[in-house]
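Worksheet: the structure to be examined is printed underneath.
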Amino acid sequence: MTERPENSELVAALRRAGVGRVDDSALARSMYSSDASLYRVPPRVVVTPREAGELPAVLGVCRDAGVPLTMRGGGTSIAGNAVGPGVVVDVSRHLNRVLEIDPEAGTALVEPGIVQARLHAVAAVHGLRFGPDPSTRTRATLGGMIGNNACGSRALGYGRTSDNVLGLDVVAGSGERLRLGDVPGAGAQSAVLDRLRGLVGERLAVVRTEFGRFGRQVSGYSLEHLLPENGFDVARALVGSEGTLALTLAARIRMVREPACRLLAVLGYGSMAEAADAVPAILPFGPVACEGLDSRITGVVRERRGPDAVPPLPRGSGWMLVELAGTEIGALRATAQRVVKESGCVDSMFVEDMALGDALWRIREDGSGLVARTPGGEQAHAGWEDSAVPPERLGEYLRELEALLSGHGLFGVPYGHFGDGCIHVRIDFPFGRADGTRVFRNFLNEAATLAARHGGTMSGEHGDGRARSELLPHMYSAEALALCSAVKDVFDPDDVLNPGIIVRPAAVDADLRPPQVVPLKRGPGLAFRDDRGDLSRAVHRCTGVGKCRADNTGAGGVMCPSYLATREEKDSTRGRARVLQEVVSGKLGPDGWRSEALHDVLDLCLSCKGCASDCPTGIDMASYKAEALHRRYRRKIRPRSHYALGRLPRWTRLAARTPAAIKIINAAMRSRALKPLVAWGAGIDRRRTLPAFAPVTFRRWFASRNGVGGRSGDVVLFVDSFTDAFSPEVGKATVQVLEHAGYRVSVTERPVCCGITWISTGQLDGARAQARRTVRALLPHVRRGARVVGMEPSCTGVLRSDAEELLSGVDAAAAREVAAATRTLAELLAETPGWTPPDLSGVAGIAQPHCHHHAVMGWTKDAALLKEAGADVDRLGNCCGLAGNFGVEKGHHDVSVAVAEQQLLPAVRRTGEKDVVLADGFSCRTQLRELAGREGEHLAQLLARHLPDKEG
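Structure follows, in C-alpha cells:
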C-alpha cells in the first residue's frame, strides 16, 4: 500500500487543529479500508477522537483541504457506508459514554460510539433498554444505528431507530452546530434549518407521495419527517442519512421497559415463501418480532458446531420465530394458540425458557455470517441483502426473487424480518469469473426493478451506501432524487461528508473488493482443505460482521480475548483478517509477510482458536497466524522464544532421559541469579516463573505399574509433553478414572508429541514431522479398536483437527482415522455403557474451559457430566490469558494479565476456599497459580477424588 505524499500535510493540519489520535500508517489504512460490505476504499488517514469536541475540528480541516470525511462506529456496515477515501473517524474507541439516563422519562443521552449492548448493561439497573435491536447490537454503536436507521428483529414492536430518537446534537457539513429536539441548547436560530424549511415547503407533494410509504422504507432520505403535519422533525429526518449531512456528537433516545414475560412461538412451514405468506395473518396479534429462519442456516450450525448446537425445532424447511411480550404469561399462551391456529403452519412449538429462546435467536442473529458460504463452498456476498416490501407482498416477492436468482444461475439463502417485509440474503456472485462484475450489476438492477414493482425499497435497514445508492432511480422519481440532492447541498454544500452515498452516487460496481482477490495456493504450511487449499479464500472468509468486537463471554464465548483487553481494532479478528487480505492480495508490497503492519496486527493474537467456533464465518486466526509466521521465518533466524518454547517438548524429553538433571534444571530456574539469564535466553518475560519439572514423569510412573483388564474396551492415552513432564498427577487421575470405568489403558511405546508448540510459533515443518510420528504411533492402536483419550485440550485439538491440516496423502488419511477415534475424557465417559459419574453433590465452583477445548471439541459433554454428577459449577467464557507460549513471551505479559482480568480472575476472587476451580489446560492452571495463587484442578482429578472405594 503506497503512501501519498500529501498525507503528511493532512496529518499535520489535523494535529494543529487539536485532534489527538491521527494515524496514516499502512496498518490503519488496511484495517479501515473495508467494513462489512463488498467494498475496499483505503482512507488517507484514520482519526480516533478522544473528545466529541474534536469532531468539528476534523470537519474544519477536511473542508479546508477538500478531503472527504466518513464517520464510523462498529464498522459493521454491510452497504459500504463506513468506508471512504479521505479521513475515516472511528468514534467507538473513546466517544462511548452514556451521558445521562432519566429513568422516569425513559430517556438516555449518549455519545455516538456507545455500543448498544453496553448501553443496555448501564440501563438494565433501571429496567430499561433501547427498543430496536439489530443482530449486531453487541458491537453496533448508536451513532452507526442513527446513521443507517437500524431496526433489527424487535423493531416490529418498538419501532426503528428514527422512531426512538428524541434529539440530536450535530455539526452540519457546512460547519454549523445544530441542536435539534430534546438536547441541551436546542432552539437556536439556524440558517441551515431556514433554508431546509423553505426547500421542503416548495415540494410537499413529492414528499407526501414518495417518502415514508411503509415502515421499512429506509432508502434515500427520510424526508417525511419534515412535513408540517409531522412537526418538521429534523432530528428524525437526519436518522438514516448515512453520515452524508451531519456529524453526530450526542443523541437523546427513548428507552423502553423490559417486558415482564416473553413467549416465543416457533412455526414450521414447508418453505420460506409459505412462511412469508402467513405474515399478514400473524401481524394482528401484535408480535414484538416475527422472523424467518431457513433450514439451510440451521444445517450450517449443525455441521460446524455439532448436532447439539441447534435446539429441537418443529417440522419444516423454514420457520417463523414469533415473539410475544406482555405482563402475564397466561395471556401470552392464549395468544400464541391463536397465532398457531391462524398461521397455517405445519407444526409448532412454544418456548418459555428464555435460555432456549436465546439459543434460537443467536442462530438467527448469526445468519449473515453463517450463510457467507454456500453448501458447495462458494463465497456468498452482500449487495442485495436488505430489500424490503410491504409485508402483504412478501410471499410473492420472495418467490419472484428466488426465480430471479435461479435465472441468473445464482444461489442465496433468504431469511430476515418477515414481519416487516425485510429480506436478508447473501448471494454467490461469481466475482472470480471474467464476467462476474457484469453478472453482479445486471442482477442488482433487475432485483431493484422487482422490489420497486412490489412497492418496496432497496434497503430496509442497512442503508444504501455504495451498494444501492445508484439503484434509487428504480424507486424514486427524478423530482424526488433532485430534492434529496438539494437537501444534501443545504447541509453539506462542499460535499465533504461521505460523498458518493445516496446523492450523486458512486457506481455499485466501483471499488469492489472480491474481484481483487488473488488465489494463493503456493507453498502453504497448512492444507486449508476447507478452502480448497487456497490461503486467500481462507482469510477472505471474514466478511467484517465484527462479532469479534463483541463481548460474548457471558454466553461462554472466547472470541476475541485480545480485543476485549485492548479495545483496539488491530487486536480484533476482523482487524487481523483485513491486513491478511491486503497481504495475500499484494497490497502491502511484494513480501507483505514480513511487513510491519502484519507483525503488529498478529503480535497480540493468542492463537486461542476462539474465532474458529465463535465467528459465524468460520475464521481460524490461530491457523492463519501459524501460516504467517511460517512464511515470515522459514529458513531464517527466529525469535528466541520460538526455539525455547516452540520446541519445549524436545527439551522435556531430553530432561526426562536423565532424572538427576531435573533437580539441577529446577534449581537453575529458581535461582535469582540465573533467572534473568534464563529469561533472556528463552525470550520470556522476567515476571514469569517457568514451571518445575516433576521428579518422576508420567510415562516413567506408568511403566512401573501393572494395568488392569477392561470390560469396556481399550484406551490409548495420548501422553502430551505437559502432562508427562510437569503434571503427571493429571495422568494418574485419568488412568484411575478410566480403569474405574472399565477400560484397559495403554500408552504409545515411545514418547510422541502433537506439535502444538511448533504450530503456535509457526514452525510448521517441525510440526508436520511431530504430527506424522504421532499419527503413525497411534494408528495401530486405533485400528485394533482402541479409543485415543487426550488429557491436554490443546493437544487433543491437534489430533482432532490440525494434524490432518499438516499432513498429506496416506498420512492425512491416517490422521482422519485417528481424529475419528480421539475423545476427551468427558466424551468417552458419556459414551461408555453403564458408567455413572461419582456423586459430586456439594461440589461448587467455576470452570475455565481451555480455549481449544471450547473451539474444537466443545465443552457440552463436560458440562453435562458435571450436571449429572450433581456439581454446581459455573462455566466461564474468554481465555485465561496465558494461551500456551503467548503470555510467557516477552512483551505479552500485560495483555495476558488484562485478558485474565476479563473473566477468570474476578471469578476466582468470588469463589470460596473450598470451591473447585476446574481447568483442564496446563496453561490455564499455570495462569491461576501465578496470578491468583490458586491450584486449578483437571476434570480427571475431580472425578478421581470422588470415586467410590473399589470392592475387593
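Note that the sequence shown covers residues 86 to 1037 in this note's numbering.
Quick reminder that beta carbons are idealized off the backbone N, C-alpha and C, glycines included.
- Non-local C-beta neighbours of R458 in its own chain, meaning closer than 7 angstroms and more than five positions away in sequence, comprise Q464 and A465, ordered along the chain.
- Annotation for L406: the continuous beta strand (DSSP E) segment containing it runs G403 to G411.
- S326 is not a Cβ neighbour of M560, given a cutoff of 8 angstroms.
- Annotation for E185: the continuous beta strand (DSSP E) segment containing it runs V183 to D187.
- Beta-bridge annotation (DSSP): F803 is paired with G875.
- Counting of Cβ neighbours within 10 angstroms places S554 among the buried residues, the total reaching 16 or more.
- Using a C-beta cut-off of 8 angstroms, the stretch 595-604 makes contact with the stretch 111-127, since at least three inter-stretch Cβ pairs fall below that distance.
- Rounded to whole angstroms, Y117 and I186 show a C-alpha spacing of 32 angstroms.
- Residue state for H939 is assigned as helix, using DSSP reduced to three classes.
- Per DSSP, the unbroken alpha helix (DSSP H) holding Y718 starts and ends at M706 to Y718.
- Residue environment: S926 is assigned as exposed (fewer than 16 neighbouring CB atoms within 10 Å of its CB, all protein chains considered).
- A residue is called buried when at least 16 other Cβ atoms come within 10 angstroms of its Cβ; E953 does not meet this threshold and is exposed.
- Under the three-state reduction of DSSP output, G266 falls in the strand class.
- Scanning E834, L884, T819 and R960 for the CA closest to the CA of L1028 turns up T819.
- Contact check for A335 against L140 fails: the beta carbons are separated by 8 angstroms or more.
- Y306 sits in coil when the DSSP states are folded into three classes, being neither helix nor strand.
- At a Cβ-Cβ threshold of 8 angstroms, L1024 and D947 count as neighbours.
- In the DSSP secondary-structure assignment, L348 is bridged to L409.
- Only buried fits W469, as 16 or more other CB atoms lie within 10 angstroms of its CB.
- A residue is called buried when at least 16 other Cβ atoms come within 10 angstroms of its Cβ; S756 does not meet this threshold and is exposed.
- The beta carbon of L689 lies closer than 6 angstroms to those of S647, D656 and V980 in the same chain, with the five residues before and after it left out.
- Here the alpha carbons of F778 and S726 stand approximately 19 angstroms from one another.
- The continuous alpha helix (DSSP H) containing I448 extends over residues M439 to E450.
- Approximately 5 angstroms separates the beta-carbon atoms of P475 and F299; this is inside 8 angstroms, confirming the contact.
- By the neighbour-count criterion, in which 16 or more other beta carbons inside 10 Å mark a residue as buried, I382 falls on the buried side.
- As the crow flies, the alpha-carbon of R222 is around 13 angstroms from that of E546.
- Burial is judged here by how many other beta carbons sit within 10 angstroms of a residue's own beta carbon; N234 has at least 16 and is buried.
- Note on L289: under 16 other CB atoms within 10 angstroms of its CB, so exposed under the neighbour-count rule.
- Annotation: Q422 to R1019 spans about 53 angstroms, alpha carbon to alpha carbon.
- Here E359 carries a helix assignment [DSSP, helix/strand/coil].
- Between P197 and V176, the C-beta gap is smaller than 8 angstroms, which places the two residues in contact.
- Rounded to whole angstroms, the separation of the alpha carbons of V130 and D108 is 6 angstroms.
- By the Cβ rule, the stretch 628-635 does not count as touching the stretch 673-685, because fewer than three pairs are nearer than 8 angstroms.
- In this chain, the beta strand (DSSP E) harbouring D254 covers V250 to A257.
- Per DSSP, reduced to three states, the secondary structure at Y561 is coil, with no helix or strand assignment.
- One thing to note: P776 has its Cβ no nearer than 8 angstroms to the Cβ of I747.
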